[in-house]
Amino acid sequence: MTPEGALPIDVEPAAEAVIVRPHGNVDLSTSPDLRAALQEAVARKQPHTIVDLSQVGYMDSSGVATLVEALQLARRSNGDLILCGLTDRVQSIFQIARLDAIFQIAQTLEDAMGGDT
Amino acid sequence: MTPEGALPIDVEPAAEAVIVRPHGNVDLSTSPDLRAALQEAVARKQPHTIVDLSQVGYMDSSGVATLVEALQLARRSNGDLILCGLTDRVQSIFQIARLDAIFQIAQTLEDAMGGDT
Amino acid sequence: MMAMMKTAMDQPADIRIQVLSCPSLLAPVRQAIEAWCTLAGAIDAERGRIGLAIDEALTNIIRHGYDHRPDGKIYIDLRRDSTSLQFIIEDEARQVPLSEIRSRDLDEIRPGGLGVHLIREVMDEAVWSHRPQQGMRLMLRKNLVETSKTVLESQHDT
Amino acid sequence: MMAMMKTAMDQPADIRIQVLSCPSLLAPVRQAIEAWCTLAGAIDAERGRIGLAIDEALTNIIRHGYDHRPDGKIYIDLRRDSTSLQFIIEDEARQVPLSEIRSRDLDEIRPGGLGVHLIREVMDEAVWSHRPQQGMRLMLRKNLVETSKTVLESQHDT
Ligand SMILES: Nc1ncnc2c1ncn2[C@@H]1O[C@H](COP(=O)(O)OP(=O)(O)O)[C@@H](O)[C@H]1O
Ligand SMILES: Nc1ncnc2c1ncn2[C@@H]1O[C@H](COP(=O)(O)OP(=O)(O)O)[C@@H](O)[C@H]1O
């Protein structure tokens, strides 16, 4: 939630992976930004798309929907999508939505990079 | 701002001093609690009453007024009142109110205890 | 402090927020509601879940009620009694058949369809209705875990 | 997103908050206003000062307007145009002579008398008036440091 642009998002290349790191709240006003960044990341066709959520303090179902869509997109191009760094609050929406079993969720970015989920 | 009681405040004895440490916001709803704690502290007639504001994220003019009143009370019983641990936000109200020159303000609790203001 | 204890629906709400149906206004509204929940006696874990449920209700109004028009009005009343928090959310948007408002099967993995599920999961009561003239009304109730005194009840009027 | 750009006073405010004159409700209201200020383009340092000034205005209404009665109504409109933020604060309380609303000499060290000084120091404009039927009205304006695009302007309607 910065004055300029809704959701700042880093997209970084890594070994066999691309890391997407949004900074801020993911809700109806910012999930379109996350969607665009994830589409671009998956289009790089790396084996792993890693979404680092350590800088996300709040996420609602529009954010979750965006991640579900990106997961499907990644699978269609034979990649996978790994989430890491979930804060307690973000963790809780995955639990209420019972989606914690559907996503590969790693504790830390290092775990996600090492495939240790 | 806890569900039980408006403003939790620690009052601790120290060498020649009593330390008052509110935890939370000091505004119109909680300044009466601070006022009561400060009156009790000053009544202990120690040379120094130290108000540790490190756990106060927000203070408005009702909080400042409460501190001005306690300062006058302390002086009347030949003691002094020292503020310490001001967060940036609390510091700023003292500046806008031009009261930073009137209070003895120490950086840390250690400085306040050492008389180093 | 009797005024804060009256909680019949015809008494004024503690706080009533009127907000335009613009997605970026969701964040400030959420923050006010969550801060009020704490004052009104909700524990920390509930506070975040309540903020989420209300965000989902507002998101649905913006998307399905106002079709993303950013200038529709939404009203949110925050009320309480000794055992529960109540949220009344009203709009001037499309009146959809109430049977359309249902959560999808969670086993189906697809985006969307989570909002109503989240609202029902978090709240103890969620009742959608049509307002007399126009728009929809959603009544949400969340029971408090503890019925101990809250800041609002113990507040001195000084 | 034309709707958000209309800022004449007869257009609906981004957010309108109706709150009872109860001191413990000040905190949630402050949080919503500060979060909105950031969205509307205020820099971090301004945000906190604006929250303080509005808290002072509300505090004065509770103390001097409603004499600490906790069930009076206070209305706060949050509006903006490309160069400034505007806050309209209205009540249904006592109408005091406008000449009584003045800040004291800061050289005098005594509690009280700081609120009006803080409001004038923080805001670029502060105008008190009597509402037509009853109560007071305070119009506050804060100019934005930068006139660059804000989230509210750049917001996609999706
Ligand atoms: N406020 C509303 N106005 C109109 N329709 C609604 C509203 N809230 C929910 N609905 C209906 O309920 C359905 C389920 O909503 P939800 O669970 O939030 O999933 P989604 O919005 O992703 O479809 C929506 O598709 C919509 O048809
Ligand atoms: N909303 C209001 N209604 C009535 N009187 C007010 C209001 N705001 C300010 N005043 C008057 O202005 C004076 C100065 O206010 P302020 O600077 O906040 O100091 P204090 O409230 O501590 O006296 C008050 O004493 C009061 O007489």
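Protein chains in written order, with our numbering: chain V, 1012 to 1128; chain C, 1012 to 1128; chain X, 719 to 876; chain W, 719 to 876.
Virtual Cβ for every residue (Gly too), placed ideally from N, Cα, C.
Here the structure is a predicted model, which means the values were calculated and not measured.
Taking a beta-carbon distance threshold of 8 angstroms, A1048/V does not count as an interface residue toward chain X. Listed in chain order, the non-local C-beta contacts of D1099/V below 6 angstroms within the same chain number zero, local neighbours out to five positions each way being set aside.
Collapsing the DSSP output to three states places T756/W in a helix. Nearest Cα to L862/W within the set I751/W, R838/W and L803/W: L803/W. Restricting attention to L796/W, C740/W and H782/W, the CA atom closest to the CA of G759/W is found in L796/W. Taking the Cβ atoms as the reference, L770/W lies roughly 14 angstroms from I807/W, outside the contact range of under 8 angstroms. In the displayed model, L836/X falls within a helix according to three-state DSSP. Contact between the region 746 to 753 of chain X and the region 769 to 788 of chain X is established, with three or more Cβ pairs separated by less than 8 angstroms. L1097/V sits in coil when the DSSP states are folded into three classes, being neither helix nor strand. Judged by the Cβ position, I733/W fails to qualify as a neighbour of ligand 2 at the 7 angstroms threshold, every heavy atom of the ligand being at least this far. By the rule that beta-carbons nearer than 8 angstroms mark a contact, D1071/C touches chain W.
Within the region 733 to 817 of chain W, the complete beta strand (DSSP E) segments at least 3 residues long are 733 to 738, 791 to 798 and 802 to 809, listed from N- to C-terminus. T1060/V sits in a strand when the DSSP states are folded into three classes.
Using a Cβ-Cβ cut-off of 8 angstroms, D1038/V counts as an interface residue toward chain X, since at least one Cβ of chain X sits closer than that to its own.
With respect to the 8 angstroms criterion, G1096/V and D1063/V are classified as neighbours on the basis of their beta carbons. V1037/V places its beta carbon less than 8 angstroms from that of V1067/V. Against chain C, the beta carbon of S821/W has no neighbour under 9 angstroms; the closest one sits roughly 10 angstroms away. Residue-level contact check: I768/X does not touch chain W, since none of the beta carbons of chain W fall below 8 angstroms from its beta carbon.
A844/X and K860/W have their C-alpha atoms roughly 40 angstroms apart. For L832/X, the CB falls within less than 7 angstroms of some heavy atom of ligand 1. Around the beta-carbon of D732/W, 16 or more other beta-carbon atoms lie within 10 Å, marking it buried. Distances between the C-beta of R820/W and the heavy atoms of ligand 2 include at least one below 7 angstroms.
If you draw a 10 Å sphere on the C-beta of I779/X, you find 16 or more other C-beta atoms in it, and that means buried.
A811/X places its beta carbon less than 8 angstroms from that of G783/X.
A direct Cα-Cα distance of roughly 58 angstroms separates I1093/V from E1027/C. Chain order gives the chain W residues near K791/X as P730, where near means a beta carbon separation below 8 angstroms. Our two residues, H1059/V and L744/W, have alpha carbons roughly 48 angstroms apart in a direct line. Residue nearest to S1040/C within the set D1071/C, V1022/C and A1025/C is D1071/C (criterion: CA-CA distance).
Remark: the C-beta of I1107/C is outside contact range of ligand 2, defined as less than 7 angstroms to any heavy atom. Against chain W, the CB of I806/X has no partner CB under 8 angstroms away; the residue lies outside that interface. Less than 8 angstroms divides the Cβ of I1030/C from the Cβ of I1061/C. In chain order, I779, G783, I792, G853 and M854 place their CB closer than 6 angstroms to the CB of D809/X, counting only its own chain and leaving out the 5 sequence neighbours on each side. Here A1123/V is buried, its C-beta having at least 16 other C-beta atoms within 10 Å. K1056/C has its alpha-carbon roughly 10 angstroms from the corresponding atom of L1084/C. In the structure shown, the three-state DSSP call for M1124/V is helix.
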